[in-house]
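Residue numbers (the working numbering), protein chains in the order written: chain A, 6 to 144; chain B, 6 to 144; chain C, 6 to 144; chain D, 6 to 144.
Don't be surprised by glycine CBs; every beta carbon is placed ideally from N, CA and C.
4 protein chains.
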Amino acid sequence: MIKNAIVSAETIIKIPFHDVDMMRIAWHGHYVKYFEVARCELLDELEYDYISMVNSGYAWPVIDLHIRYAKPATFEKYIIVTSAVVEYENRLKIQYEIHDEKSGDRLTKGHTVQVAVDIKTNEMCFASPQILLDKLGVE
Amino acid sequence: MIKNAIVSAETIIKIPFHDVDMMRIAWHGHYVKYFEVARCELLDELEYDYISMVNSGYAWPVIDLHIRYAKPATFEKYIIVTSAVVEYENRLKIQYEIHDEKSGDRLTKGHTVQVAVDIKTNEMCFASPQILLDKLGVE
Amino acid sequence: MIKNAIVSAETIIKIPFHDVDMMRIAWHGHYVKYFEVARCELLDELEYDYISMVNSGYAWPVIDLHIRYAKPATFEKYIIVTSAVVEYENRLKIQYEIHDEKSGDRLTKGHTVQVAVDIKTNEMCFASPQILLDKLGVE
Amino acid sequence: MIKNAIVSAETIIKIPFHDVDMMRIAWHGHYVKYFEVARCELLDELEYDYISMVNSGYAWPVIDLHIRYAKPATFEKYIIVTSAVVEYENRLKIQYEIHDEKSGDRLTKGHTVQVAVDIKTNEMCFASPQILLDKLGVE
């Protein structure tokens with residue numbers, strides 16, 4: 006479980022052949038894709054996916070990414086990516102944890118931070134727009 | 006040299022770590038990226054890159070891709086990608102050959118076929134638009 | 006259905022955000038990954054996956070790839086990749102068809118060809134080794 | 006310039022078409038590749054690349070990654086990736102800064118942390134092995 010989760014989701018991913026490097030483990034850069042897939046699923050559940058974001062007048066670029074690798078993932082291993090919104094007032098911070106589906110071992114954790122950018126003015130918003138709060142069901 | 010080349014270009018690429026699979030060779034799917042980089046360089050020379058294409062009113066989706074692998078490429082190997090326009094009347098066919106920069110061995114060859122699609126109508130063009138002929142300097 | 010299929014499999018893939026290009030469609034090169042995921046699933050069903058291949062003394066590099074693109078796939082679209090072994094005597098040829106999960110439209114088709122390489126001698130085999138025939142349940 | 010750099014390198018990369026997302030900017034996950042290419046170049050200069058690492062008896066997995074995005078990079082933009090070793094005693098910490106080649110604007114910065122793992126015992130080393138210090142020319 007991710008602490009202080011306002012809303013969370015779980016995504017299962019199978020490590021494909023083309024993600025495995027010559028050390029026979031998933032190359033560390035591919036975890037950003039695993040986070041992306043998990044985040045999209047979480048945002049889908051909130052009914053605030055990329056298309057809805059653009060339609061609501063805001064882009065939400067990622068401005069910060071952190072990943073901490075504890076154990077490697079190997080070819081065809083199933084991993085569970087848990088993602089959770091942990092901050093929303095001024096920026097959208099999502100926390101991730103990746104566990105081995107079989108052993109339950111925690112392999113990786115990390116976070117991304119996104120900020121709202123008004124598409125018309127191209128200005129960064131210092132407070133998250135009302136639409137995000139509505140989607141999260143918070144005040 | 007590519008036969009029947011109307012115009013051609015050469016691009017040098019160094020195989021990066023994240024392209025090498027657990028067989029210790031560049032995964033076969035990454036060659037599509039090497040072709041893409043080479044094609045962009047060729048189109049840049051013609052002053053008909055993606056942005057110019059869109060500005061001219063046409064998208065040029067790839068409708069056909071073929072790659073023939075003869076020898077593998079390994080980590081940090083330098084490869085030379087030769088690309089050449091070999092057909093243009095009804096479709097844009099580009100041929101590729103990849104050689105090992107050091108040994109001169111031919112590693113791979115292939116082609117892509119693109120067709121013009123009118124962005125306004127979303128209709129495929131059965132003959133290439135005049136703009137392509139102008140850029141190629143043919144009649 | 007793929008004609009002359011000796012054995013086949015179906016794989017569902019959701020187009021992720023990072024596969025979609027600025028034309029708002031899945032970049033044509035990513036289909037090689039979709040084929041790879043489908044092929045691994047097919048080979049898993051045959052109990053002749055990459056690890057088993059290596060353990061049996063053979064590598065099976067892809068020597069030929071062909072993709073024919075009919076219609077594009079967009080962000081978050083679900084696609085069904087059907088893969089089938091259509092040749093095995095001298096080389097392993099797998100045919101692929103990709104359909105839109107919702108509309109049923111065929112988006113793409115293609116094939117890959119692999120040949121057995123004896124890992125000890127690094128020699129290409131002109132006839133497929135007995136192990137492949139055993140796994141396929143053919144004589 | 007990166008502060009406290011023990012040794013540094015500069016790498017120029019051109020943003021390829023397949024790295025650009027539907028927001029028309031390089032997808033944030035691709036920066037891990039830009040860091041990887043820069044790190045390999047830096048390690049090549051130290052004559053301690055992946056192959057030398059393995060030959061010296063150590064693997065150096067990345068255990069921590071951080072990226073801070075300030076400004077986006079667009080299609081065909083040239084970026085300069087500066088990488089520098091900033092810590093080596095107990096772990097190998099490399100800092101990165103990415104600048105727009107034309108405007109000089111800083112687009113991104115980040116770091117990676119790697120630790121030595123003894124390949125024979127698969128144990129993590131709490132102090133960096135002598136070979137790294139020798140390659141860095143420090144005591």
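Inset, instruction - Tell me residue 111 (chain C)'s beta-bridge partners as DSSP assigns them. - result: On the third sequence, residue 111 (chain C) is found 106 positions in, with the first residue counted as 1. Beta-bridge pairing links residue 111 (chain C) to C:104.
Legend entry - Per DSSP, cross-strand counterpart(s) of residue 14 (chain A): Looking up residue 14 (chain A) in the first sequence gives position 9. Paired residues: A:88.
Inset, instruction - Give a yes or no on whether the minimum CB-CB distance between residue 28 (chain B) and chain C is below 8 Å. - result: One-based indexing of the second sequence puts residue 28 (chain B) at position 23. Yes, residue 28 (chain B) counts as interfacial toward chain C.
Legend entry - Beta-carbon spacing of residue 53 (chain D), residue 137 (chain D) below 8 Å: The residue given as residue 53 (chain D) occupies position 48 in the fourth sequence. The residue given as residue 137 (chain D) occupies position 132 in the fourth sequence. In contact: residue 53 (chain D) and residue 137 (chain D) (Cβ atoms closer than 8 Å).
Inset, instruction - Return helix, strand or coil for residue 83 (chain B), following the three-state DSSP convention. - result: Taking the first residue of the second sequence as position 1, residue 83 (chain B) is located at position 78. DSSP places residue 83 (chain B) in strand when its eight states are reduced to three.
Legend entry - Cross-chain neighbours of residue 23 (chain B) in chain D, by beta carbon under 7 Å: By one-based count along the second sequence, residue 23 (chain B) stands at place 18. In chain order: 38 and 41.
Legend entry - Residue from C:121, C:69 and C:128 with nearest C-alpha to residue 134 (chain C): On the third sequence, residue 134 (chain C) is found 129 positions in, with the first residue counted as 1. Of the candidates C:121, C:69 and C:128, the one whose C-alpha sits nearest the C-alpha of residue 134 (chain C) is C:121.
Inset, instruction - Compare the beta carbon distance of residue 99 (chain A) and residue 90 (chain A) with 8 Å and say whether it is the shorter of the two. - result: Translated into positions along the first sequence, residue 99 (chain A) becomes position 94. Translated into positions along the first sequence, residue 90 (chain A) becomes position 85. A contact, by the Cβ cut-off of 8 Å.
Inset, instruction - Could you pull the start and end residues of the alpha helix (DSSP H) that residue 136 (chain B) belongs to? - result: Within the second sequence, residue 136 (chain B) is the residue found at index 131, counting from 1. Its alpha helix (DSSP H) spans residues 135-141.
Legend entry - Cβ pair residue 42 (chain B), residue 68 (chain B) closer than 8 Å: Taking the second sequence and counting its residues from 1, the one referred to as residue 42 (chain B) is at position 37. Taking the second sequence and counting its residues from 1, the one referred to as residue 68 (chain B) is at position 63. Not closer than 8 Å, so no.
Inset, instruction - In the DSSP assignment, find the unbroken alpha helix (DSSP H) run with residue 49 (chain C) in it and report its ends. - result: To locate residue 49 (chain C), count along the third sequence from 1; it is residue 44. Segment 36-50, the alpha helix (DSSP H) holding residue 49 (chain C).
Inset, instruction - Sort out for me which residues DSSP pairs residue 123 (chain D) with in a bridge. - result: If you number the fourth sequence from 1, residue 123 (chain D) lands on position 118. Answer is D:63 and D:128.
Inset, instruction - Leaving aside the five residues before and after residue 29 (chain C) along the sequence, list all residues of the same chain whose C-beta is less than 8 Å from its C-beta, in chain order. - result: One-based indexing of the third sequence puts residue 29 (chain C) at position 24. Cβ within range, chain order: 79 and 80.
Inset, instruction - Determine the chain D residues that contact residue 55 (chain B) at a beta-carbon separation under 8 Å, and present them in chain order. - result: Against the second sequence, residue 55 (chain B) aligns to sequence position 50. Correct list: 22 and 80.
Legend entry - 7 Å Cβ cut-off: residues of chain D touching residue 116 (chain A): For the purposes of this step, residue 116 (chain A) is taken as residue 111 along the first sequence, with counting starting at 1. The premise fails here: residue 116 (chain A) is roughly 10 Å from chain D at the closest Cβ pair, so nothing lies under 7 Å.
Inset, instruction - Using only alpha-carbon positions, find the residue among B:26, B:27 and B:40 that is nearest to residue 32 (chain C). - result: Translated into the one-based positions of the third sequence, residue 32 (chain C) becomes position 27. Nearest option by C-alpha distance: B:40.
Inset, instruction - Measuring alpha carbon to alpha carbon, tell me which of C:127, C:84, C:143 and C:126 ends up nearest residue 106 (chain C). - result: If you number the third sequence from 1, residue 106 (chain C) lands on position 101. Cα-wise, what sits closest to residue 106 (chain C) is C:84.
Inset, instruction - Pick helix, strand or coil for residue 26 (chain A), following the three-state DSSP scheme. - result: On the first sequence, position 21 is the one that residue 26 (chain A) refers to. Correct three-state label for residue 26 (chain A): coil.
Inset, instruction - Just the chain B side, please: which residues come within less than 8 Å of residue 45 (chain D) by C-beta, in chain order? - result: Taking the fourth sequence and counting its residues from 1, one reaches residue 45 (chain D) at position 40. Neighbours of residue 45 (chain D) on chain B, chain order: 21, 22 and 81.
Legend entry - residue 74 (chain D) vs residue 88 (chain D) beta-carbon contact at 8 Å: As a first step, residue 74 (chain D) must be located in the fourth sequence, where it is residue number 69. As a first step, residue 88 (chain D) must be located in the fourth sequence, where it is residue number 83. For residue 74 (chain D) and residue 88 (chain D), no; Cβs fall outside 8 Å.
Legend entry - residue 26 (chain C) classed as buried or exposed, judged by whether at least 16 other C-beta atoms fall within 10 angstroms: Taking the first residue of the third sequence as position 1, residue 26 (chain C) is located at position 21. It counts as buried.
Inset, instruction - Return no unless some Cβ of chain A is closer than 8 Å to the Cβ of residue 101 (chain D). - result: Here residue 101 (chain D) refers to the residue found at position 96 of the fourth sequence. It does not: the Cβ of residue 101 (chain D) has no partner Cβ on chain A nearer than 8 Å.
Legend entry - In DSSP terms, what residue 19 (chain C) is bridged to: The residue labelled residue 19 (chain C) in the question sits at position 14 within the third sequence. Paired residue(s): C:83.
Inset, instruction - Using a Cβ cut-off of 8 Å (strictly closer), state whether residue 134 (chain A) contacts chain D. - result: In the first sequence, the residue the question calls residue 134 (chain A) occupies position 129. No, because no Cβ of chain D sits closer than 8 Å to the Cβ of residue 134 (chain A).
Inset, instruction - Could you tell me if the beta carbon of residue 69 (chain C) falls within a distance shorter than 7 Å of some heavy atom in the ligand PLP? - result: With respect to small molecules bound, the structure shown includes none, and the ligand PLP cannot be examined in it.
Legend entry - Cutoff 8 Å: residue 104 (chain B) Cβ touching any chain C Cβ: Position 99 of the second sequence, counted from the start, is the residue given in the question as residue 104 (chain B). No, no contact with chain C.
Inset, instruction - Return the CA-CA distance between residue 70 (chain B) and residue 47 (chain B), expressed in angstroms with no decimal places. - result: As a first step, residue 70 (chain B) is located in the second sequence; it is residue number 65 there, counting from the start. As a first step, residue 47 (chain B) is located in the second sequence; it is residue number 42 there, counting from the start. About 17 Å.
Inset, instruction - Using the DSSP secondary-structure output, state which residues sit across from residue 31 (chain D) in a beta bridge. - result: The count along the fourth sequence starts at 1 and reaches residue 31 (chain D) at position 26. Residue 31 (chain D) pairs with D:25.
Inset, instruction - Pull up the distance between the alpha-carbon of residue 38 (chain D) and that of residue 16 (chain D), whole angstroms please. - result: As a working note, residue 38 (chain D) is residue 33 in the fourth sequence. As a working note, residue 16 (chain D) is residue 11 in the fourth sequence. Cα to Cα, the separation comes out at about 12 Å.
Legend entry - Per-residue contacts from residue 34 (chain C) into chain D (C-beta, under 8 Å): Position 29 of the third sequence, counted from the start, is the residue given in the question as residue 34 (chain C). Simply 23.
Legend entry - Neighbour list for residue 89 (chain A) in chain D, Cβ cutoff strictly below 7 Å: As a working mapping, residue 89 (chain A) is identified with position 84 in the first sequence. Within 7 Å Cβ-Cβ: nothing; residue 89 (chain A) doesn't reach chain D, min ~19 Å.
Legend entry - Member of D:72, D:108 and D:123 whose CA lies at the smallest distance from the CA of residue 62 (chain D): Along the fourth sequence, read from residue 1 onward, the residue named residue 62 (chain D) stands at position 57. The candidate whose alpha carbon is nearest that of residue 62 (chain D) is D:123.
Inset, instruction - If I'm right that residue 65 (chain A) touches residue 112 (chain A) with Cβ under 8 Å, what's the distance once you round it to whole angstroms? - result: As a working note, residue 65 (chain A) is residue 60 in the first sequence. As a working note, residue 112 (chain A) is residue 107 in the first sequence. With 8 Å as the limit, residue 65 (chain A) and residue 112 (chain A) do not qualify as a contact, their Cβ atoms being about 27 Å apart.
Legend entry - residue 55 (chain C), DSSP secondary structure in three states: Counted from its first residue, the third sequence places residue 55 (chain C) at position 50. Here residue 55 (chain C) sits in helix by DSSP.
Legend entry - Chain-ordered neighbours of residue 69 (chain B) on chain C, where CB pairs are closer than 9 Å: Position 64 of the second sequence, counted from the first residue, corresponds to residue 69 (chain B). Neighbours of residue 69 (chain B) on chain C, chain order: 71, 72, 73 and 74.
Inset, instruction - Could you tell me which residues DSSP puts in a beta bridge with residue 72 (chain B)? - result: Taking the first residue of the second sequence as position 1, residue 72 (chain B) is located at position 67. Answer is B:115 and C:70.
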